[in-house]
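The opening residue of the first sequence carries number 0 in numbering that gives the first Met the number 0; numbering runs sequentially from there. Cβ atoms here follow ideal geometry from the backbone N, Cα and C, with glycine treated the same way. Just so we're clear, the structure is a prediction, and the values are computed from it rather than from any experiment. Notes follow once the structure below has been shown.
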Amino acid sequence: MPELPEVETVVQTLKNMIIDDEIISVDIHWANTIDKISLNDFKNKIKNQKINDITRFGKIIAFVLDDYLMFTHLRMEGKYYVDDKLTLDKHSHVVFHLKSNRFLRYHDVRKFGKISLIEKANYLSHPYLINLGKEPFVISVSELQAKLANKNIEIKAALLDQHIMAGLGNIYVDEVLFRARVHPETRAKLLNKKQLQSIIDNAIIVLNKAIELGGTTIRSYTSSLGVSGKFQNELLVHTKQNLPCPNCQRPITKIKVKGRGTYLCQHCQKKLSD
DNA sequence: ACCACCTCCTGATCGC
DNA sequence: TGCGATCAGGAGGTGG
Numbered sequence: 000m001p002e003l004p005e006v007e008t009v010v011q012t013l014k015n016m017i018i019d020d021e022i023i024s025v026d027i028h029w030a031n032t033i034d035k036i037s038l039n040d041f042k043n044k045i046k047n048q049k050i051n052d053i054t055r056f057g058k059i060i061a062f063v064l065d066d067y068l069m070f071t072h073l074r075m076e077g078k079y080y081v082d083d084k085l086t087l088d089k090h091s092h093v094v095f096h097l098k099s100n101r102f103l104r105y106h107d108v109r110k111f112g113k114i115s116l117i118e119k120a121n122y123l124s125h126p127y128l129i130n131l132g133k134e135p136f137v138i139s140v141s142e143l144q145a146k147l148a149n150k151n152i153e154i155k156a157a158l159l160d161q162h163i164m165a166g167l168g169n170i171y172v173d174e175v176l177f178r179a180r181v182h183p184e185t186r187a188k189l190l191n192k193k194q195l196q197s198i199i200d201n202a203i204i205v206l207n208k209a210i211e212l213g214g215t216t217i218r219s220y221t222s223s224l225g226v227s228g229k230f231q232n233e234l235l236v237h238t239k240q241n242l243p244c245p246n247c248q249r250p251i252t253k254i255k256v257k258g259r260g261t262y263l264c265q266h267c268q269k270k271l272s273d
């Protein structure tokens, strides 16, 4: 599942491949992938648009075109490939024909991912960005505390909410909460400034290390072009059920928090009482 | 304003 | 071996 480090890896990879290329036309094989804009508008507006830059906002990839920003969210299993010849399989939903005679192909087994388009001048008002939280790199502990002040939800659920803070997903939240010694079911509003500071500090450490290693490759996830990350070797708790806690040697347990598989050390991560 | 629950999807895995 | 049921999961939508 692509989180911030995986998305960053995809952005850098795509940048190296297709910057300054131009989109000639697009084939859409699964209409629901195109979001917040009609298929006809999307097809017409994107013609002859040059790819001037590729960047990201949290987990959202942004292609900076001449007149538009094209946003794409990979959700669970979205991937981009750059092909020299037209390639199709049952999971390839959108194919951009490039001026260089190559093809930018969006592939997504689960079909959860989205592609959208908005005029450059209005891009900040796009629904994907309008309420997006700050990333751990730039959020202050006071800002995070203010966002959590009235939140009675579990801290894990809060950190997965991209409107509160952008970038963390299921894997890295588990890692961050373990390192910060915070139980994922702790009510968000009960955390003190010191704990929130530790969450931010550890989020920065974990994300930077994961970016450096090209992301995490578990289950089916590989980034564009089959590139695989190496952060899975650095995971302390996620996927480590029944293995010894790196800190106290007691077994890591797996629970569900808001329907998400959650790994933690019950001894090192004490839950605050309500 | 909050928050629990549902939905979108398909492949992998489980139970019989 | 086959086949239906269950599960996983990011984030938007719904309704209490």
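Here residue 193 carries a helix assignment [DSSP, helix/strand/coil].
At the C-beta level, residue 125 and residue 114 stay beyond 8 Å of one another.
Here residue 40 is exposed, its C-beta having fewer than 16 other C-beta atoms within 10 Å. The criterion of a C-beta distance shorter than 8 Å is not satisfied by residue 162 and residue 268. The residues 203, in chain order, have a CB closer than 7 Å to that of residue 136 in the same chain once the five nearest residues on each side in sequence are set aside.
Taking all protein chains shown into account, residue 139 has fewer than 16 neighbouring C-beta atoms within 10 Å of its C-beta and is therefore exposed. If you ignore the 5 residues before and after residue 38, its C-beta comes within less than 7 Å of the C-beta of 27 and 30, all in its own chain and listed in chain order.
A distance below 8 Å separates the beta carbons of residue 3 and residue 206.
A direct Cα-Cα distance of roughly 25 Å separates residue 196 from residue 59. If you ignore the 5 residues before and after residue 109, its C-beta comes within less than 6 Å of the C-beta of 75 and 76, all in its own chain and listed in chain order. DSSP places residue 185 outside any beta strand (DSSP E), giving it a letter other than H or E. For residue 141, the enclosing alpha helix (DSSP H) begins and ends at 140 to 147. Taking 3 residues as the minimum length, the beta strand (DSSP E) runs contained wholly in the segment 32 to 104 are 52 to 56, 59 to 63, 67 to 72, 78 to 82 and 91 to 97, in order along the chain. Taking the Cα positions, residue 119 is about 21 Å away from residue 103. Here residue 166 has 2, 3, 57, 58, 134, 135, 202 and 206 as same chain residues with Cβ atoms under 8 Å from its own Cβ, once five neighbours each way along the sequence are excluded. When the alpha-carbon of residue 131 is set against those of 55, 250 and 176, the nearest one is in 55. Within the segment 11 to 35, the complete beta strand (DSSP E) segments of 3 residues or longer fall at 21 to 27, listed in chain order. Collapsing the DSSP output to three states places residue 134 in coil. In chain order, 68 place their CB closer than 6 Å to the CB of residue 122, counting only its own chain and leaving out the 5 sequence neighbours on each side.
Cα atoms of residue 174 and residue 245: separation of roughly 12 Å, rounded to the nearest angstrom. As the crow flies, the alpha-carbon of residue 171 is around 31 Å from that of residue 64.
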